[in-house]
Structure formats: structure tokens, C-alpha cells
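Enquirer: Sequential numbering from 59 applies to the sequence shown in the working numbering.
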Amino acid sequence: MTNKFWTPEAKKDYLNLRKKREHKREYSRNYMKRAREEGRYKYFRKDGKVMFERGNLDENAQTTD
Numbered sequence: 059m060t061n062k063f064w065t066p067e068a069k070k071d072y073l074n075l076r077k078k079r080e081h082k083r084e085y086s087r088n089y090m091k092r093a094r095e096e097g098r099y100k101y102f103r104k105d106g107k108v109m110f111e112r113g114n115l116d117e118n119a120q121t122t123d
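Have a look at this one:
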């Protein structure tokens, strides 16, 4: 006979892993948001396409208007 997969220890480890992944995801999102607002990161996505801020345009870039 096999053991149950969701033992209390396995469930606790899984929930901790989810919590850590969610924290890392939120941190990355907020970090990039702050970096874009401060101008340290000039690229962003709009409707799935990579766009550039107005101050950092090159000859092939699209505008944000």
C-alpha cells in the first residue's frame, strides 16, 4: 500500500514554496515598475509589443502615443 501524497509535512512545504514564489513574483513586478518610473529601464510592453519611452527613441522605435 502506498502512503498519502499530501502528508502534513508535504503540504506545509508546498504552501511555503508557493508563498516564496508569489513573493518573488511580486518583488520582481514592483522592482521593474519602479525602475521604469525612475527611468532606469526604458523598455515596456503595450499590447504585447515592446515600446520605448519618448526620451529614448531611436530611428526604428514606435512612440507611446
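Beta carbons: idealized from backbone N, C-alpha and C, even for Gly.
Note that the coordinates shown come from a computational prediction; the quantities given were computed from them, not determined experimentally.
Determine the direct distance from the alpha carbon of residue 101 to that of residue 79, and round the result to whole angstroms.
Expert: Each residue's Cα considered, the two are about 25 Å apart.
Enquirer: So, at 6 Å on beta carbons, what are the nonlocal neighbours of residue 115 in its own chain, with the 5 sequence-adjacent residues on each side left out?
Expert: Note that residue 115 has pLDDT 48, beneath the 50 cutoff, so the model's placement of it is unreliable and the number below is only indicative. If we look at residue 115 and ignore the five residues flanking it on each side, it has no Cβ neighbours.
Enquirer: Round the Cβ separation of residue 90 and residue 99 to the nearest angstrom and send it over; I've been treating them as touching at under 8 Å.
Expert: The pair is a contact, with the Cβ atoms about 7 Å apart (cut-off 8 Å).
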